[in-house]
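Since the structure comes first, as structure tokens, the remarks are kept for the end.
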Amino acid sequence: MSIKRSLARLAHTPPRRLDVAAVRGALPGQCTQTEHGELHLIDEYLEPHHHHGRAPIAKALQVSSERLAQLALDPTLEEVDISRALFFDTETTGLAGGTGTVPFLIGIGWFEDESLRIQQLFLPELGREAPMLHWLRERIRRSSCLVSFNGKTFDWPLLRNRFVMNRVRSPELPPHLDLLHCARRILKRRLRSIRLVELEREVLGMYREDDVSGALIPQLYFDYLDGGDVSPIAKVIEHNANDLIALAALVAELVSHFDEIHREDDPRDHLSYARVAERAGDPCRARSFARAAADGGGEAACTVEACLLTARMARRSGDVEEEERALLEALRAADDDELRASVRLMLSKHYEHRRKDLERALEHAAGAALAEGEEATERRVARLERRLARHT
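Quick note on numbering: the working numbering labels position 84 of the sequence shown as 91, and the sequence is numbered without any gaps.
Here's what the structure looks like:
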């Protein structure tokens with residue numbers, strides 16, 4: 008049954024109160040009475056030695072906030088205390104968001120000493136969100152930053168709407184690190200998908216067993232509301248917990264590999280880190296990663312791009328020797344005619360304007376037609392020939 012049909016059926020079904028004892032017995036966690044009402048809470052700790060795949064989650068506590076801010080291209084993260092970060096993820100009644108979408112499971116995680124504490128707030132029946140939202144609000148108040156995966160686009164706008172709809176005052180937000188954007192910047196060159204489960208496999212070496220598909224989760228909750236069957240919800244809770252653990256592990260991996268060059272990493276990742284460092288205003292780090300990308304033995308296109316990045320930074324800093332060296336290295340690495348033509352055009356401009364070597368500028372201009380077109384190349388060659396004639 009589609010989600011739309013499930014909603015329609017629920018709209019015409021008189022509300023019923025679930026048997027709380029049955030829910031408590033079949034699901035992890037317990038029902039807790041708060042000043043704002045009853046809350047179903049799942050609460051667990053992961054010990055400091057816990058690994059998610061091959062990644063130790065406590066490694067997140069070693070993350071440099073300065074490097075984290077650079078990776079996220081967000082200066083507001085420079086002073087955050089990662090030990091007080093709040094990881095969060097939601098499971099919802101729909102995947103498109105909007106005012107009619109309800110988060111029926113809110114997962115949050117934070118470090119206590121070196122252990123990762125995970126709490127999951129479950130909505131046993133619609134219309135009882137206020138206790139969850141008050142609980143979440145208090146945890147956000149205590150945190151130094153939020154960490155999510157696509158949370159800026161999906162999870163937080165959805166939660167903000169629920170605060171409004173339930174007349175619960177929305178918390179003042181600390182800086183928000185959305186790992187989707189960080190992962191996309193670094194891994195888009197080699198991964199077809201930047202879904203969290205894909206990152207778990209490729210970056211963390213974590214393979215989930217018998218995991219529930221995210222696309223099925225809304226329907227599983229509607230089935231639960233319709234018939235009270237809680238057994239599939241246990242799988243959803245496990246799925247959500249794994250998402251939270253993955254966030255902590257992924258922060259550690261992405262930032263640690265930006266903090267220090269790992270020679271065994273894919274050259275395409277080195278190139279991505281170089282570009283991020285350049286955008287973050289750290290040219291020294293950018294040059295180091297670009298060098299690692301060029302020396303990594305990867306595909307020609309990656310090597311050429313790394314060399315061209317080095318050349319651009321050298322030109323910006325006025326280092327003519329380094330710019331020339333990088334451009335010539337790019338020309339040697341180029342493995343197709345169009346790429347070679349593009350590099351030759353850059354070399355022609357370099358020799359004409361920075362080296363004042365018109366003969367070499369003319370030599371490279373003659374091979375640049377595929378990059379700028381025959382007519383433009385003919386004009387460039389003719390101009391250089393006239394200038395040479397005047398100097399001889």
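Glycine included, every Cβ here is placed at the ideal spot set by N, Cα and C.
With a minimum length of 3 residues, the unbroken runs of beta strand (DSSP E) contained wholly in the stretch 104-161 fall at 110-119, 122-129 and 152-155. When secondary structure is reduced to three states using DSSP, D276 falls in the helix class. With contacts defined as CB atoms closer than 7 Å, A65 and E119 fail to qualify as a contacting pair.
In the pairwise beta carbon analysis, the stretch 234-243 is classified as not touching the stretch 158-174: fewer than three pairs are separated by under 8 Å. Between V311 and A340, the CB-CB gap stays under 7 Å. Rounded to whole angstroms, the Cβ separation of N157 and L194 is 15 Å, and the two are not in contact under 8 Å. For the 7 Å CB-CB criterion, F94 and L251 form a contact.
For T97, the enclosing beta strand (DSSP E) stretches over residues A92 to T99.
From the listed residues D266, G304 and P131, the smallest Cα separation to A33 is found for P131. For I49, the pairing in a beta bridge is given by DSSP as Q127. Under a 10 Å Cβ-count criterion, Y228 is classified as buried, with 16 or more other Cβ atoms of the shown protein chains found around its own Cβ.
Taking V350 as the centre and dropping the five residues before and after it, the same chain places the C-beta of V311, L315, L334, A337, L338 and A341 closer than 8 Å to its C-beta, in chain order. In the three-state reduction of the DSSP assignment, D185 falls in the strand class.
Where Q226 is concerned, the enclosing alpha helix (DSSP H) starts and stops at I224 to G234. Taking C-beta separations shorter than 7 Å and ignoring five residues to either side along the sequence, the partners of T384 in its chain run A372, A375 and A376, following chain order.
The shortest C-alpha to C-alpha distance from D273 to any of A255, A253, L257 and A297 is the one to A297. Taking C-beta atoms as the reference points, S279 and R196 count as a pair closer than 7 Å. Here DSSP, grouped into helix, strand and coil, assigns A287 to coil. Here P82 carries a helix assignment [DSSP, helix/strand/coil].
Boundaries of the alpha helix (DSSP H) harbouring T310: A307 to S324, taken from the DSSP string. Closest in C-alpha terms to R191, from the list A300, L257, D266 and R167, comes L257. Residues of the same chain with a CB within less than 6 Å of the CB of R367, apart from the 5 flanking positions on each side, are Y358 in chain order.
Put simply, the backbone Cα of S295 is about 15 Å away from that of Q77. The beta carbon of A222 is closer than 8 Å to those of L102 in its chain, skipping five residues each way along the sequence.
Beta-bridge annotation (DSSP): H59 is paired with A62. When Cβ pairs closer than 8 Å are counted between the two stretches, the stretch 141-150 is seen not to touch the stretch 264-272, the count staying below three. Closest in alpha carbon position to T160, among R319, N247, G105 and Q126, is G105. Within the same chain, and ignoring the five residues on either side of I224 in sequence, the residues whose Cβ sits closer than 6 Å to its Cβ are E98 and V243.
The C-alpha of H56 is placed about 35 Å away from the C-alpha of R286. In this structure, DSSP gives G221 a helical state, which the three-state scheme calls helix. By the beta-carbon neighbour count (other beta carbons within 10 angstroms, threshold 16), S155 is buried. Annotation: T399 is outside any beta strand (DSSP E) and is labelled neither H nor E by DSSP.
Within a 10 Å sphere around the beta-carbon of D233 sit fewer than 16 other beta-carbons, which makes this residue exposed.
In this structure, the alpha-carbon of E51 lies about 26 Å from that of V175.
For Q40, the enclosing beta strand (DSSP E) begins and ends at Q37 to T41. Take the alpha-carbon of G303 and the one of R275: they are about 9 Å apart.
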